[in-house]
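Structure, as structure tokens:
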Amino acid sequence: MKKIIIAIDGYSSTGKSTVAKQLADYLDYTYVDSGAMYRAVALFALQNNYISKNSFDQELFIKALPEIELDFKKENDNSKTNMFLNGVNVEKEIRSMYVSDFVSPVATLSEVRKKLVAIQHQMGVKKGIVMDGRDIGTIVFPEAELKIFMNADAEVRAMRRFNELKEKNQTITYDEILKNVQKRDLIDTTREDSPLIIANDAIELDNSETNKEDQFHIILQLAKDRIAGRI
Ligand code: DC
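Numbering-wise (our numbering), the sequence shown opens with residue 104 and increments by one.
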């Protein structure tokens, strides 16, 4: 059967990765969470003190970029795919608020984007891939057969994230999360290099009031149609 590229872009915490994973599982495609790659690079910047609350030594950080090696690996056959930074599993750390607070400024740097886009592009050479992020349909795979752009009200997204983090016992208030969501939206949409914009040929879905199952079925049908060449 023909294999396609599915690009899922949108604002943070709109459920992109959930639906991308569901699609990849169903279609037996590779799933790539491009945000995890930006998060791992931000973690590297934090670990090596290139960035902190009050400063960002962009010049030194850019010089150190060749030292960063990223890998998606499973710890064993049954486990889910984890992000590895220079051989270390950083899956849990990159999801913390500590990293979330610094990832958007790191992702504004063209040198970072160039490095990650080259890796991402390579991953799609054989098609059969679902990738989620901010610039997948516009920059990474402008030729993708199916492009989805996801949105939801900031308050709804912050509440979803709050519930997720609460389940993981992370102590953080709803207001702090809402502020982080709004700050990231602003940086992601206004940065000079590859801002978050909707591709001309993307299908926009607002899921403020749609449940995950309904949304999955809508996107799956679109994917099936594209695979069959119906639309
Ligand atoms: O999808 P996420 O929230 O885990 O992404 C983390 C950050 O990485 C997000 O604030 C913006 C950045 N990002 C990006 O600039 N381009 C991508 N393709 C994916 C993520």
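Note that the Cβ used here is the ideal one computed from N, Cα and C, for glycine as well.
It is roughly 21 Å from the alpha-carbon of R237 to the alpha-carbon of Y201. Taking the C-beta atoms as reference points, D235 is found no nearer than 8 Å to Y114. Rounded to whole angstroms, the separation of the alpha carbons of L163 and F319 is 43 Å. Short of 7 Å from the beta carbon of D174, and not among the five residues preceding or following it, lie these beta carbons of its own chain, in chain order: F187. Taken from the Cβ of S115, at least one heavy atom of the ligand DC lies inside 7 Å.
Within the same chain, and ignoring the five residues on either side of E279 in sequence, the residues whose Cβ sits closer than 8 Å to its Cβ are M200. Put simply, of T274, V209, D309, D128 the residue whose alpha carbon is nearest the alpha carbon of M140 is V209. Among the bridge pairs identified by DSSP, Y134 is matched with V233.
When the Cα atoms are used, V206 and F252 turn out to be separated by approximately 21 Å. Per DSSP, reduced to three states, the secondary structure at D128 is helical.
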